[in-house]
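Terminal number for the sequence shown in this note's numbering: 455, no gaps in between.
For glycine and all other residues, C-beta sits at the position ideal for the given N, C-alpha and C.
For reference, the structure is listed below as structure tokens.
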Amino acid sequence: TMSRGKIFILFLLLAAIGLGFYLVPRNRPFESYTQRAIEAFQLKEFERSIELYLKALKLFPNHPKTPQLLLTIGDTYNFSLNNPEKAGKAYEMLTQGFAKSPEARIGFEHAGEMFEKIEDYQKALLAYQGILDNFPEAPNQDLWRYRVAMMAIKMKKFEPGRRSLMAIIDKNPETPIADQVLLQIGNAFFMEGATRHAVEVLNVAAQKFPESPLHSEMLFTLATAYEEVGQLEKALQIYKSIRSSYPNSRVVEKKIEKIASRYQETKLHEANLRQEAKKALMPRSTTESQPSTNLNKRKKNRPVDKTFLKLMEGES
Numbered sequence: 140t141m142s143r144g145k146i147f148i149l150f151l152l153l154a155a156i157g158l159g160f161y162l163v164p165r166n167r168p169f170e171s172y173t174q175r176a177i178e179a180f181q182l183k184e185f186e187r188s189i190e191l192y193l194k195a196l197k198l199f200p201n202h203p204k205t206p207q208l209l210l211t212i213g214d215t216y217n218f219s220l221n222n223p224e225k226a227g228k229a230y231e232m233l234t235q236g237f238a239k240s241p242e243a244r245i246g247f248e249h250a251g252e253m254f255e256k257i258e259d260y261q262k263a264l265l266a267y268q269g270i271l272d273n274f275p276e277a278p279n280q281d282l283w284r285y286r287v288a289m290m291a292i293k294m295k296k297f298e299p300g301r302r303s304l305m306a307i308i309d310k311n312p313e314t315p316i317a318d319q320v321l322l323q324i325g326n327a328f329f330m331e332g333a334t335r336h337a338v339e340v341l342n343v344a345a346q347k348f349p350e351s352p353l354h355s356e357m358l359f360t361l362a363t364a365y366e367e368v369g370q371l372e373k374a375l376q377i378y379k380s381i382r383s384s385y386p387n388s389r390v391v392e393k394k395i396e397k398i399a400s401r402y403q404e405t406k407l408h409e410a411n412l413r414q415e416a417k418k419a420l421m422p423r424s425t426t427e428s429q430p431s432t433n434l435n436k437r438k439k440n441r442p443v444d445k446t447f448l449k450l451m452e453g454e455s
């Protein structure tokens, strides 16, 4: 039988081992989890990688690398597993719990782009707005304002979106994205039904930025606006000028055919109206104007005055 002294010594040893376990610095276990997670990711075991990161977060909830892990989990769900719902939750934990961290700024951006891609424009708008609210000194402020405005426009909130775009130009007329902003202001006016304002803005944009990669798109939208207000000659001229530069040349060719046909129909209709008006104003002959005294002498098959009928049809 074991003596009491030996039992006591064994107890002390077990206690020391247990105490040592709790006193071991936790950096090693945390790093071992993250290292295994990285290895799993490299093997394209994405679910396993996330599982290991989540274990690390559970065991070390206040670890300074928590924002980095949340961003990595969100990005893995987003880019590798194409799971926007779970990615959104990870980004939300990051941006709400660590809103001022550098990782949160990236998280806002990735979340905004992800939600925009799946056409959840309200959440995309809030994500981009999060960058403006939490990182006012971050670069590319005009870009984030532009994206916020575009999400509003995509939600068919045309006037608020347009006003936000106009505020970018008002605040910074030399903004490097001025060509994009002016194009979208013109588009917004067009979608609001203010086509003449759209024409004015798009004319300015096309003249001010002839070297912009968006120049042919500006001209295409301008031609569409001219078409809308009935200025077919100008529309046709612009469409012809962007035949080779517009990305979708087939669309331009169809527009040209449609406008040319419509233009010819309009011209023919105008010519017919002028001809009919001339005929209507011509004086009748003396014999035609005098009433017949002998009804039997009237020609039975006297032709009907077609001009008169057409005028009557126009009045009915």
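Taking a C-beta distance under 8 Å as the contact criterion, D281 and T314 qualify as a contact pair. A contact between stretches requires three or more CB pairs, one per stretch, nearer than 8 Å, and the segment 245-265 meets this requirement with the segment 286-300. Setting aside the 5 residues that flank it on each side, L341 is surrounded in the same chain by G325, M357, T360, L361, A364, each with a C-beta closer than 7 Å to its C-beta; the list follows chain order. DSSP places T234 inside the alpha helix (DSSP H), whose first and last residues are 223-236.
In this chain, the alpha helix (DSSP H) harbouring P241 covers 241-256.
P349 counts as exposed, since fewer than 16 other C-beta atoms from the protein chains shown sit within 10 angstroms of its C-beta.
With contacts defined by Cβ atoms closer than 8 Å, A345 and H354 form a contacting pair.
Secondary structure of Q207 (DSSP, three-state): helix.
For the set K183, E298, V343, E404, the Cα lying nearest the Cα of M330 is the one of E298. By the C-beta density criterion, F254 is buried, having at least 16 other C-beta atoms within 10 angstroms.
For I395, the enclosing alpha helix (DSSP H) has its first and last residue at 388-420. Under a 10 Å Cβ-count criterion, N387 is classified as exposed, with fewer than 16 other Cβ atoms of the shown protein chains found around its own Cβ.
Considered as a whole, the segment 265-297 harbours 280-293 as its complete alpha helix (DSSP H) runs of no fewer than 4 residues, in chain order. One thing to note: L198 has its Cβ no nearer than 8 Å to the Cβ of T205. About 6 Å separates the CB atoms of G213 and G246; that is less than 8 Å, so the two are in contact. Apart from sequence neighbours up to five positions away, the residues of its chain that approach A277 with a beta-carbon distance below 7 Å are R244, I270, ordered along the chain. In this structure, the alpha-carbon of R382 lies about 32 Å from that of K296. Considered as a whole, the segment 315-399 harbours 317-331, 334-347, 354-367, 371-380 as its complete alpha helix (DSSP H) runs of no fewer than 4 residues, in chain order.
With a threshold of 16 other beta carbon atoms within 10 Å, E366 meets it and is buried.
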